[in-house]
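Number of protein chains: 4
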Amino acid sequence: MSSRRYRVGIVGASGFVGGELLRILLNHPNAEVTVATSREYKGEYVYRVHPHLRGKTMLRFVEPDIDKIANNCDIVFLAVPHGQSVNLTPKLLEVGLTVIDLSADFRLKDPEAYVKWYDWEKPHPYPDLLQKAVYGLPEIHREELRNAKLVAVPGCMATAGILSLLPLVKHKIIEFEKIVIDAKIGSSGAGAHAPKLDLHSFRTYVVRPYEVAEHRHIAEIEQELSLVAGEPVKVAFTPHAVDIVRGILATSHSWARGQVTEQMLWKAFRETYGNEPFIRIARDKAGLHRYPDVKYVIGSNYCDVGFEIDTRLGRIITFAAIDNLMKGAAGQAVQCFNIVIGVDERTGLDLTPIFPV
Amino acid sequence: MSSRRYRVGIVGASGFVGGELLRILLNHPNAEVTVATSREYKGEYVYRVHPHLRGKTMLRFVEPDIDKIANNCDIVFLAVPHGQSVNLTPKLLEVGLTVIDLSADFRLKDPEAYVKWYDWEKPHPYPDLLQKAVYGLPEIHREELRNAKLVAVPGCMATAGILSLLPLVKHKIIEFEKIVIDAKIGSSGAGAHAPKLDLHSFRTYVVRPYEVAEHRHIAEIEQELSLVAGEPVKVAFTPHAVDIVRGILATSHSWARGQVTEQMLWKAFRETYGNEPFIRIARDKAGLHRYPDVKYVIGSNYCDVGFEIDTRLGRIITFAAIDNLMKGAAGQAVQCFNIVIGVDERTGLDLTPIFPV
Amino acid sequence: MSSRRYRVGIVGASGFVGGELLRILLNHPNAEVTVATSREYKGEYVYRVHPHLRGKTMLRFVEPDIDKIANNCDIVFLAVPHGQSVNLTPKLLEVGLTVIDLSADFRLKDPEAYVKWYDWEKPHPYPDLLQKAVYGLPEIHREELRNAKLVAVPGCMATAGILSLLPLVKHKIIEFEKIVIDAKIGSSGAGAHAPKLDLHSFRTYVVRPYEVAEHRHIAEIEQELSLVAGEPVKVAFTPHAVDIVRGILATSHSWARGQVTEQMLWKAFRETYGNEPFIRIARDKAGLHRYPDVKYVIGSNYCDVGFEIDTRLGRIITFAAIDNLMKGAAGQAVQCFNIVIGVDERTGLDLTPIFPV
Amino acid sequence: MSSRRYRVGIVGASGFVGGELLRILLNHPNAEVTVATSREYKGEYVYRVHPHLRGKTMLRFVEPDIDKIANNCDIVFLAVPHGQSVNLTPKLLEVGLTVIDLSADFRLKDPEAYVKWYDWEKPHPYPDLLQKAVYGLPEIHREELRNAKLVAVPGCMATAGILSLLPLVKHKIIEFEKIVIDAKIGSSGAGAHAPKLDLHSFRTYVVRPYEVAEHRHIAEIEQELSLVAGEPVKVAFTPHAVDIVRGILATSHSWARGQVTEQMLWKAFRETYGNEPFIRIARDKAGLHRYPDVKYVIGSNYCDVGFEIDTRLGRIITFAAIDNLMKGAAGQAVQCFNIVIGVDERTGLDLTPIFPV
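Structure (C-alpha cells):
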C-alpha cells in the first residue's frame, strides 16, 4: 500500500463538515492538510473555531485562493454551499488538482435537473463535467472512483436513502412504485449557520417535518436507484428534524413483488453488502438491539442497515442509520479519497462509534 | 352547565398517566379525586412520587380495593397495565361505577383480536362488554360517549394515527391499501418502569425503530378507520423511539384516488375537524411553522393536524402531533369524562401548550 | 375580589417572554390583552410566531406606539431588551399607565450601577424613577407592590439566586462573605435571537460556563440581599449553560456562623416562605425526590427551594429551582400584576408543572 | 518503543466502562483482548451488548474465573462494582497478574476511610495493598506508575475535581479552606443499571443535585490534594445530574491568598500541565469558546482546564471538563496501562473529540 502523503486542501473548512474532514485528515497517514480556507475566519487558528481540535493542529484559516491551493495541494475537498462549487471546480481541475466535492453541484447527470431541483435559472453549464464526475458512493461506483479526477460526494439523506433500498432494488424484490422513505435527521445537517428555527430553544424537543414532498435529495436517490435497477425508480421522500445533533435514520417502506422470505432478504443484503467495509447488517430477532439506530454509529463511517417483513401486508421495511457528518459527508469523502489514491478504504476511518453518547 | 362534583378514583395513579390525570383532575371543577391507588407506594403522599404536585394535594396512595372505590367514587379512571382492567372493570361496573379505562382491554370489538394482537390465550371473556364499551375518541364517537358506562380510551399512537388519516378516509380521498403510518414517539409512552433500554444513557440520542411490522395499535387503527370507511382499511405502521419525553408525531403516507387539490384537502379537514375543540389544523405555506410538530402541543390536549400533496407522485402526506400523555391518554380520558358527565368538553382541559420547552 | 378586567399591552410580544406573558394573560380573568407589539412581525397573527397559541387568539402584532398603547391599555408589560425601557417607561408613566418592566432598566437603585454593570456611558437619567420603581420580588417587596405604578421585575438568575439565600441572610445564619452561587440555566434565557453559539448543534450537550466572574445579575442579588441583611452582602456568582430549554437551578454554597442544625434551617425556611403561594420547600431525607430540580417546576410559577448541611465543613448548601420564563420572568410579572391590581396572587397562575417533560 | 502485545482481560466488560475499554483496547497495538467477562451475558457475543462494536470483534463474554484469566492474560482491567475488587484483586496479584482496577477499592490509603466513606463494616482488609497500589492519575503519580503491579484508577469526578485545582494547590495560590467544587455530570456515570430515577423520562431535563454534602469522591480529592500540598486540604463538593450522557464539568471556586494576576495563573497552569499529553488549557478572552465545556472533549481522553479571576471578590474560578468514560475511567485506565508497560502514553488514545455531538 502506498505510503505517499498527499497535500490536501479543504475549502470551506470552518463549518461542521470542514471540522469533520479535519478531524479525520489530521490523523490520516496519507494526507497532510496544507490549506484550510474560511473567508469568515481567515487568519484565525483552526482550533479557535473547532474547539475539539485544540492541541491537534496549529493550522490557520486562509482565504480561498486558486493559486495558493494549486501551489500547495494535490487534492482538494470542497465543503462549500451549493452553487459555489460549480464555479470553483472547473478552475481547480484546470490546474490539475483532483476535486472531491461535497456539494450537490456535480451529483446529477442531467443538466436540466439543476433547474428543476435546485432552482437554477439555466441548465448546468458544464454537462461534460457532470458526465466525468463520479457519484461518490463506493457501494455503487467503487470501480469508477479509482483514479477519478472529480468526485461528487452524495448528500447525507441520499446516502441513507439509497443504502436502505439498494439490495431490494438490485435484486428487484420490491415494486418500483409507492416506495416511501421516511427520514429523521439531526441538527448538524443544517450546518453552522444561524437561522432562527435552528436555535436550541426552537430546535430542541421537535419532531418537525420539512420539505415533505419535494426534498432535493430525491433527485439523487432516483438517479442512482434507477441506474442500479435499469429502469425508472420513483421514491416518495419525507424528512423530519429530530432532537439529536448527528445522525440520520432512513426508514423505507416498500411493497414486495410476490412472496418474500427472510432468507431472500438476508441473501440480498449479504450479496450487496457482505464485503463492504463500512456497511453493517444490524438485525436481530432477540436481544436489546434489533434494528439500526443512529445511536450505534455516531462518530464512525458505518452505515448500519436492517430489514423486516410485514407479512400481513406484504410490506418490506428497511433501515439505514448513519452519522450524517461521517458516512453522510466527511467520512464518505475520505472513503472516496482512499479509493482515488489507491490505499485501503479504511485508512484514517477506523473510528469505532462512541457509545453511549 | 352542571356544577356537580363527581367523586373520582384513579387506579394505577403512580405512573405517568396517573400523574397526568391528577394534574388535570385536581384542578377540574367537576371532579374531586377521592381515591388514588398504588400498590408500590401505598400510604405514601402522592406528591412524593409526583414531585410536580407538591403543594397541590395532600392525598395519599391506597391499595386498590373494590369496596373502598365503590364507597368513595362515582367514576373510576383505570391507568393499569393491559390485562388487569379485564378483571377489574366488570367488578367496578357491577357496583354501579362508570369506568374510563385507559388500558387496551376494551378497545377492540372482536374478542378474537385479543388472541391475535395481545397474545391472550383465549378470546376476550366479556364480548358483551366489548360491545357496550365506547371507543373514547370523541372525534368519531362523541354521541355514543354521552352517558356511556364504559369508555375505552384509545392508545396513544392509535389516536395520532387515526386522526392523521380520518379526513382522508371519511372523504374517500385516498386508496385504502398501501397506507403507511410512520410514527415517532417520546420515552414517556413506555411508562415509569425501568427496563434497561429505557435508561437515559440508552434512550438518549436514539432514532430507534421497534415493533416495526406488527405493533398492537394497528388493531385499533384499522378497526376505527374501517368503521368510518364502511369497508376494510389496512395500515402499515412503524413506530420509532426518538429523544423526547412527551409527544407523538404520526406521519401518514397515502396515495390519492385520482387528482387531488389543496382545496379538496382543506375542505375535508375543515368538515371533519372544524368544530372540534382540540383539533387544530396547522398548515402554512410560509412562515416559521408550516406543519404540526410535537413541540407545539406539549402539556395540552391539542392534536395538531396538517397535510401536503406530493403532486409528482400522487402521494398525500398528513400529520398528527399530540402529547401522548394528554390527547394520547389522560387528556383524552378527561375529554371523554366531560362528555360522559355532560359538561363542556374543554372543562379542566383549557391548558395552553408550553412553548418553547 | 375584583372582577374588573384591565386592558393590558405587551411591548415586545414576539420573544419567549412575550409568548409566555400571552400564554398566561390570555387566560387571566382580570386581563384583556389589547395590544401586542413587535416591530419584526407587525401585521402578523400572533399565533404564526407563537405556534402554541394557535386557536387561542386572533390578535395581530402592531408596531409599538405610545398613543396606541395609551388609548387601549391600562397596564403595560415591557418585554424589551435592556436599554429600551429607560426611554419608553417615562413616556408610558406620563400618560398615566402602570408599567411592569421585565428589563433591567429600573431594577437597580444606584444610578451609577448602570455604568458599572451595564456599560452605560452615563449614570441612569431618571434617579427619581429608580426610587419609585418597586423591585418585583413579592417575597421581599409585597407591600410596596400594592398600587405600584412602576414594577421592575427581577432578572431570572437573580430571582433564583436571591430566593436560594433569602432565609439564610434574613436569619443571619451564614457569614456574609465567600458566598458562592453556582447557577445552571437553559437556552430560553438567551431569548429568541440567533447568535451562532445558541444554535442547536452548538448549544446541545453543553455544560458551558459564561460570564463567570461578573455577571450582571450580581448587582441585583447583592442589592436585595444587602437590603434584607441591613449590611453589605457580597456574592460570587457563576452561571453555566446546560442542555435544557427552560429552567434555572441556583446552588448556593455558604458558610455557617457557628453551629447550625437542620431544625434551625427548617425554621428559617418556614418563617420566610411558609405563607408564600409560589415557594415550595422541597426537601426529603428519603424517597426519589430529595432536593429541588428544574424538572419539577417547568411551566409553573413555582420556585422550589431546599437545603442541606455539610456538617463536616460547616457549609450550607441551598437550592432554588425555577422555570426562567415563569417565576424568572412572565410568571413573576403576572404575580406582581395581581398584587398591583389587588386580586389573589395566584390568579391566572394556577398552572401545575408539566411532569415528566 | 515496545511492540510487544500484552494479553488483556476485562472483568465486568458488559457495562459502559467495559464497553469503552473494549472500544480503545480492540484498536490498541500493544493489547490483545483475550478475556471479557460478564455473568449476565456469558456466552453472548460482545457486539450484541455493545452494538457499536459490531464488526469490530467476534469475542464472547465468559464468566469471571481466576484460572481462565491467569492462563490467558498478562494484565487485567477490573470494571466491577465497588466491594468486588477487594476480593478479586489479591487473587489476581497472587497469580502474577498486573491489575488496573477501576473501582474505588484501592484508591484510599487509609484503611479506616473505607468505613467512613464507603460504609464498610470493617477497615480495609489489605492495608499493605493500599500502600502498594498506585493512584492512577498520571499528572501526579506518573513515576510511580511505571512498573506498578496494582493501579487504582481515580473516580470520574475525583479526576475532574483534582485536575481543576492541582495548579492552584501545587503553587499555593489559594487558601486551603472554603474550596467549593460544584460538579455537573451526565447519566453514563451511573452505569448501565436501571434504577427508576435513571430512566430517560425521569433523567431528561434535569438539573438534579445529589449526595450534595458527602459524596464519596471527596475522600480521594482531599487525599491527593493534601499530598500535593503537603498539608491538609478540605473540599466542599456537590455534584449535579445534568441532561447529557457523557461528560463532567467541575467548577471550582476558591479564594486567593493575596493578590493574584492572570500571569500567575497562566504560569501555574503551564508549569503543571505544559507537558501533559492529555491536558489542554482552554482559555480565551475573545472568540466563541472561552472556557472548558464538556462538549469539546466527548469521546477523547482530554481534560480541558481553564481559569478566571473574580478580581472584585478575590475568588478564583477554575474548570475541568472530561468525558467521564474516558479520562474519567477507561481512557485514564489505558493511559496508566501505557505507562505501566512502557509505551508512549498516547498509544491507542489518539482519539480526537467528536464535535459537534
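Residue numbers (my numbering), protein chains in the order written: chain A, 386 to 742; chain B, 386 to 742; chain C, 386 to 742; chain D, 386 to 742. Cβ coordinates follow ideal geometry from the N, Cα and C atoms, glycine included.
Proximity test, Cβ basis, 8 angstroms: residue i and chain A
i, result
"C/S572", "yes"
"B/A398", "no"
"B/H638", "yes"
"C/T696", "no"
Expected contact under 8 angstroms - CB spacing of residue i and residue j to nearest Å
i, j, result
"A/I664", "A/E524", "7 angstroms"
"B/V536", "B/C721", "5 angstroms"
"B/V402", "B/V420", "Actually they do not touch by this definition, with Cβ atoms about 16 angstroms apart."
"A/I701", "A/A604", "Not quite, the Cβ-Cβ distance comes to about 24 angstroms (not below 8 angstroms), so this is no contact."
"B/Q717", "B/T483", "About 16 angstroms; that fails the 8 angstroms criterion."
"C/Y570", "C/V627", "In the sequence under discussion, the amino acid at residue 570 of chain C is Ile, which differs from the Tyr named in the question. About 7 angstroms separates the two Cβ atoms, so the contact holds."
"C/G413", "C/T732", "What sits at residue 413 of chain C in the sequence shown is His, not Gly. The pair is a contact, with the Cβ atoms about 7 angstroms apart (cut-off 8 angstroms)."
"B/V565", "A/V480", "Incorrect: roughly 50 angstroms between the Cβ atoms, too far for contact."
"C/A489", "C/G440", "That belief does not hold up - the Cβ atoms of C/A489 and C/G440 are roughly 34 angstroms apart, past 8 angstroms."
Residue i at chain B interface by Cβ criterion, 8 angstroms
i, result
"C/K441", "yes"
"D/D583", "yes"
"D/A577", "yes"
"A/P738", "no"
"D/Y590", "yes"
"A/L477", "no"
"A/E693", "yes"
"C/P580", "no"
Any chain C beta carbon closer than 8 angstroms to residue i
i, result
"B/V630", "yes"
"B/G684", "yes"
"B/L734", "no"
"B/D452", "no"
Beta-carbon neighbours of residue i, restricted to chain B and to distances below 9 angstroms
i, result
"D/F401", "S586"
Residue i: contacting residues in chain B (beta-carbon distance under 7 angstroms)
i, result
"C/G350", "No answer is possible for residue 350 of chain C: it lies beyond the span of chain C, which begins at 386 and ends at 742."
"C/Y681", "P436 and H437"
Below-8 angstroms beta-carbon distance, residue i vs any chain D residue
i, result
"C/A598", "yes"
"A/V690", "no"
"C/E605", "no"
"C/T623", "yes"
"C/R601", "no"
Run of the beta strand (DSSP E) containing residue i, from where it starts to where it stops
i, result
"B/L634", "I633 to W640"
"B/F352", "Any question about residue 352 of chain B goes unanswered here, given that chain B covers just 386 to 742."
"B/E417", "A416 to T422"
Chain-ordered neighbours of residue i on chain A, where CB pairs are closer than 7 angstroms
i, result
"D/P741", "F401, S573 and V630"
"D/Y676", "The premise fails here: D/Y676 is roughly 10 angstroms from chain A at the closest Cβ pair, so nothing lies under 7 angstroms."
Delimiting residues of the alpha helix (DSSP H) encompassing residue i
i, result
"C/C721", "G716 to I726"
"A/V431", "V431 to V434"
"A/L463", "It is not in any alpha helix (DSSP H) - A/L463 instead sits in the beta strand (DSSP E) that spans I460 to L463."
Contacts of residue i in chain C (Cβ-Cβ under 7 angstroms)
i, result
"D/I666", "Chain C residues near D/I666: none, gap ~15 angstroms exceeds 7 angstroms."
"D/K563", "K563 and W640"
Per-residue contacts from residue i into chain C (C-beta, under 8 angstroms)
i, result
"B/N412", "D735 and T737"
In chain order, which continuous runs of the beta strand (DSSP E) of length 3 or greater are located wholly inside the stretch 483-534 of chain B? As far as the stretch 483-534 of chain B is concerned, its whole beta strand (DSSP E) runs of at least 3 residues are 483-486.
Where in the stretch 528-611 of chain A do unbroken runs of the alpha helix (DSSP H), each at least 4 residues long, occur, reported from the N-terminal end onward? If one requires a minimum length of 4 residues, the alpha helix (DSSP H) runs lying completely within the stretch 528-611 of chain A are 541-555 and 585-588, in chain order.
Considering only residues of the stretch 616-675 of chain C, which uninterrupted beta strand (DSSP E) runs meet the minimum length of 3 residues and lie entirely inside it, listed in chain order? 620-627, 633-640 and 664-666, all fully within the stretch 616-675 of chain C.
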